[in-house]
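Enquirer: Residues in the sequence shown are numbered consecutively from 0, following numbering that gives the first Met the number 0. For glycine and all other residues, C-beta sits at the position ideal for the given N, C-alpha and C.
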Amino acid sequence: MNDTINLFQKYLRSKKLKCTPEREEILALILSMSGAHFEADDILTTLRKKKSKIAKGTIYRTLKHLVDAGILRSVIFVDRHAHYEVVAGHKRHSHLVCIKCGKIIEFFDSKIYSALAAIAKKNGFTESGRKVEVTGFCRRCK
Ligand SMILES: [Zn+2]
Ligand SMILES: [Zn+2]
Numbered sequence: 000m001n002d003t004i005n006l007f008q009k010y011l012r013s014k015k016l017k018c019t020p021e022r023e024e025i026l027a028l029i030l031s032m033s034g035a036h037f038e039a040d041d042i043l044t045t046l047r048k049k050k051s052k053i054a055k056g057t058i059y060r061t062l063k064h065l066v067d068a069g070i071l072r073s074v075i076f077v078d079r080h081a082h083y084e085v086v087a088g089h090k091r092h093s094h095l096v097c098i099k100c101g102k103i104i105e106f107f108d109s110k111i112y113s114a115l116a117a118i119a120k121k122n123g124f125t126e127s128g129r130k131v132e133v134t135g136f137c138r139r140c141k
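#1: Taking 8 angstroms as the cut-off, is the beta-carbon of H80 closer than that to any non-hydrogen atom of ligand 2?
#2: Have a look at L71 and H80 and give me their C-alpha separation to the nearest angstrom.
#3: Based on the DSSP secondary-structure assignment, which residues constitute the bridge partners of R72?
#4: Shortest alpha-carbon distance to D2 belongs to which of T134, G69, R138, E126?
#5: Does at least one heavy atom of ligand 2 sit under 8 angstroms from the Cβ of A35?
#6: Using 8 angstroms for Cβ pairs, my map puts E24 next to I53. What's the rounded Cβ distance?
#7: Looking at ligand 1, does it come within less than 8 angstroms of F106, judged from the CB to the closest heavy atom?
#8: Alpha carbon to alpha carbon, how far is R138 from P20? Give it in angstroms, no decimals.
#9: Is the closest heavy atom of ligand 2 to the C-beta of V77 under 8 angstroms?
#10: Under the rule that 16 or more other beta-carbon atoms within 10 Å means buried, what is F37, buried or exposed?
#11: Let me make sure I understand the geometry here. Which of T57, L95, H89 has the alpha-carbon closest to that of L30?
#12: How about H103: is its Cβ closer than 8 angstroms to a heavy atom in ligand 2?
#13: Is C74 near ligand 2, going by C-beta to nearest heavy atom under 8 angstroms?
#14: Taking the straight line between their C-alpha atoms, what separation do you get for K9 and K15?
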């Protein structure tokens, strides 16, 4: 956890941004949450419960910085709003997303990833990122 906060402070300094108590509070909260995937609104709700007055805009901007710093990645693209998950300690995986109840199933299949790498290579394409997401209906919703 401290490593991640250090990483964030370093990133902010490199961007000439201030490491404000608000930014640190948001990061500490994210790291303390056990849920793998969350939205900006989840952060807002939790902060409000804790009587924190951090503005919504600050939360959105901080989440963007955390993605840029490589601490979070945005996942789940079915909705218009972004969902995030913590990168550290979470090995690369992809998602099955139920478009009815929002259930997210994580999967990892190295065959898919090597197939994608091969496709990129064949096309002389240098990968900078990869998003594998399957949408549909979960067992309970179908
Ligand atoms: Zn479902
Ligand atoms: Zn995930």
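Expert: From the atom records:
#1: no
#2: Taking C-alpha positions only, L71 is separated from H80 by approximately 15 angstroms.
#3: Beta-bridge analysis with DSSP links R72 to E84.
#4: G69
#5: yes
#6: 7 angstroms
#7: no
#8: 43 angstroms
#9: no
#10: buried
#11: H89
#12: Just to set this straight, residue 103 is Ile in the shown sequence, not His. Because some heavy atom of ligand 2 lies under 8 angstroms away, the Cβ of I103 counts as near it: yes.
#13: Note on residue identity: the sequence assigns Val, not Cys, to residue 74. Under cutoff, so the answer is yes.
#14: 10 angstroms
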